[in-house]
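Residue 68 is where the sequence shown starts when you use the working numbering, and the numbers rise one by one after that.
We put the beta carbon where it would ideally sit given N, CA and C, even for glycine.
In this text, all values refer to a predicted model and were calculated from it rather than measured experimentally.
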Amino acid sequence: MKKVHSSLIIFLALGVFGIITTEMGIIGVLPQITQKFHISTSQAGYLVSIFALIVAISGPFLTLLASGINRKVILLTAVLMFAISNIVYAYTTKFEVMLAFRILPAIFHPVFFSIALVTAAQLVPPEKSSKAITKVFAGITVGFAFGVPLTSYLAEKISLEAAFLFGAAVSMIAFIGILAWLPSMPVKEKMSFSKQLGILRKPELWLTIIAVIFIFAAMFSVYSYFAEYLGQVAHMNGSWISIMLMAFGITMIVGNFLFGGFLHKSMTKTVLIFPLLYAAVYLFTYYLGSYVFPMAVIVFIWGAVHSGGLIVSQALLMTEAKEAPEFGNSLFVSFSNVGITVGASIGGWFISYLGIHQLIWSGIMFTLLAFLLIIIKMKIS
68 MKKVHSSLII FLALGVFGII TTEMGIIGVL PQITQKFHIS TSQAGYLVSI
118 FALIVAISGP FLTLLASGIN RKVILLTAVL MFAISNIVYA YTTKFEVMLA
168 FRILPAIFHP VFFSIALVTA AQLVPPEKSS KAITKVFAGI TVGFAFGVPL
218 TSYLAEKISL EAAFLFGAAV SMIAFIGILA WLPSMPVKEK MSFSKQLGIL
268 RKPELWLTII AVIFIFAAMF SVYSYFAEYL GQVAHMNGSW ISIMLMAFGI
318 TMIVGNFLFG GFLHKSMTKT VLIFPLLYAA VYLFTYYLGS YVFPMAVIVF
368 IWGAVHSGGL IVSQALLMTE AKEAPEFGNS LFVSFSNVGI TVGASIGGWF
418 ISYLGIHQLI WSGIMFTLLA FLLIIIKMKI S
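Here it is, written out as structure tokens:
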């Protein structure tokens with residue numbers, strides 16, 4: 068039975084890996100997409116922002132609606148939608164079709180993520196639930212570390228179609244694993260909608276939500292155009308960009324543990340220092356970004372700090388959503404994606420009107436806004 072549970076957790080983590088590969092893998096192949104569809108970089112950026120926008124809009128509502136449905140059915144439906152969407156990306160010849168099929172998996176993103184965490188916790192004894200959740204959550208970081216750069220590498224070395232079919236294959240393996248190993252899981256006890264929605268009455272929660280939006284906007288206003296920036300400003304070729312994406316992702320894994328330790332020692336200091344640290348990374352990127360070797364070194368530091376944004380934001384928001392952790396988690400997924408949408412859109416605007424090198428200032432602007440919001444929240448609390 069223990070082996071079965073371990074296998075299930077691996078397949079749930081693989082499903083999360085597939086989600087991140089589908090959502091973020093697009094960032095590493097934006098140059099190939101602009102060429103295939105003959106569109107601008109800012110237009111291609113809509114593939115990032117539309118996904119995040121749909122997650123933001125649908126997340127909490129669909130998580131509430133799905134809270135009474137058999138979890139196996141939801142997980143299987145979600146992961147299948149990711150596989151189908153990747154197949155469409157691989158073979159469509161119309162940008163509009165690709166854009167439309169960014170909406171479909173985005174609807175299921177927060178539902179799969181929230182329910183996968185709950186399911187993992189239920190598969191093991193209570194004292195081991197946190198470890199099980201951590202393993203599923205690792206699918207995010209590993210997705211950034213390997214899914215995103217591997218997608219970029221396949222697009223560069225084989226074809227754009229191969230890159231997307233990789234994403235489809237990952238989701239199908241997760242689908243088969245969940246279908247074969249996960250028993251039927253009807254919901255026995257359902258928390259009332261009113262109890263879950265009650266946390267929205269807290270003004271401190273809304274200040275925290277706005278701070279989370281600014282943190283993610285700071286992160287993704289620049290990261291959304293990572294491949295374009297390295298190509299045009301640092302003059303790196305496709306192979307180098309793939310290596311940099313992998314380096315970025317690997318140091319994200321390291322950063323996850325580092326910031327976890329920092330939060331354990333002092334949450335207040337870590338939350339305050341994070342946006343200032345990110346602003347410093349961006350300043351180095353702006354002034355040294357046109358030099359290949361310094362930029363390569365910066366990417367390693369950038370990745371570690373970037374992962375800090377994920378863990379710091381979730382810790383910040385969950386302190387205000389303890390009464391309804393599942394709904395709170397869906398709020399984190401939703402509003403972090405609002406930040407991604409805002410960031411990618413504003414970043415695209417900076418590129419269109421000021422040039423790609425000036426993109427960095429959009430990130431610095433959002434880090435400073437996040438810092439101000441965090442200070443205001445701490446003063447009020």
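Using CA atoms only, rank isn't needed, just tell me which of the options is closest to residue i.
| i | options | result |
| --- | --- | --- |
| residue 214 | 84, 151, 126 and 205 | 84 |
| residue 312 | 323, 325 and 298 | 298 |
| residue 434 | 274, 283, 158 and 271 | 283 |
| residue 384 | 140, 135 and 277 | 277 |
| residue 386 | 271, 185 and 439 | 271 |
| residue 134 | 252, 423 and 431 | 252 |
| residue 43 | 130, 94, 152 and 355 | Since the first residue of the chain shown is 68 and the last is 448, residue 43 is not available in this structure. |
| residue 218 | 306, 132, 408 and 111 | 306 |
| residue 150 | 108, 425 and 86 | 86 |
| residue 78 | 241, 448, 228 and 420 | 241 |
| residue 269 | 76, 89 and 448 | 448 |
| residue 353 | 424, 303, 171 and 170 | 424 |
| residue 274 | 108, 402, 171 and 366 | 402 |
| residue 176 | 89, 308, 310 and 418 | 89 |
| residue 102 | 227, 379 and 113 | 227 |
| residue 245 | 380, 188, 139 and 323 | 139 |
Determine the extent of the alpha helix (DSSP H) in which residue i is found, giving its start and end residues.
| i | result |
| --- | --- |
| residue 239 | 227 to 248 |
| residue 312 | 305 to 332 |
| residue 219 | 215 to 224 |
| residue 110 | 108 to 111 |
| residue 103 | 97 to 104 |
| residue 178 | 162 to 189 |
In three-state DSSP terms, what is residue i?
| i | result |
| --- | --- |
| residue 292 | coil |
| residue 447 | helix |
| residue 373 | helix |
| residue 144 | helix |
| residue 358 | coil |
| residue 432 | helix |
| residue 134 | coil |
| residue 203 | helix |
| residue 192 | coil |
| residue 68 | Interpretation of residue 68 is limited by its pLDDT of 47, a score under 50 that renders its predicted location unreliable; the figure taken from the coordinates is listed afterwards. Coil. |
| residue 388 | coil |
| residue 403 | helix |
| residue 251 | coil |
| residue 159 | coil |
| residue 269 | coil |
| residue 302 | coil |
| residue 414 | helix |
| residue 82 | helix |
| residue 422 | coil |
Cβ atoms of residue j and residue i: under 8 angstroms apart, would you say?
| i | j | result |
| --- | --- | --- |
| residue 128 | residue 266 | no |
| residue 443 | residue 338 | no |
| residue 405 | residue 207 | no |
| residue 82 | residue 179 | yes |
| residue 362 | residue 211 | no |
| residue 410 | residue 239 | no |
| residue 374 | residue 326 | yes |
| residue 397 | residue 181 | yes |
| residue 427 | residue 358 | no |
| residue 314 | residue 205 | no |
| residue 222 | residue 99 | yes |
| residue 125 | residue 412 | no |
| residue 335 | residue 120 | no |
| residue 294 | residue 95 | yes |
| residue 142 | residue 173 | no |
| residue 376 | residue 341 | yes |
| residue 122 | residue 400 | yes |
| residue 171 | residue 148 | yes |
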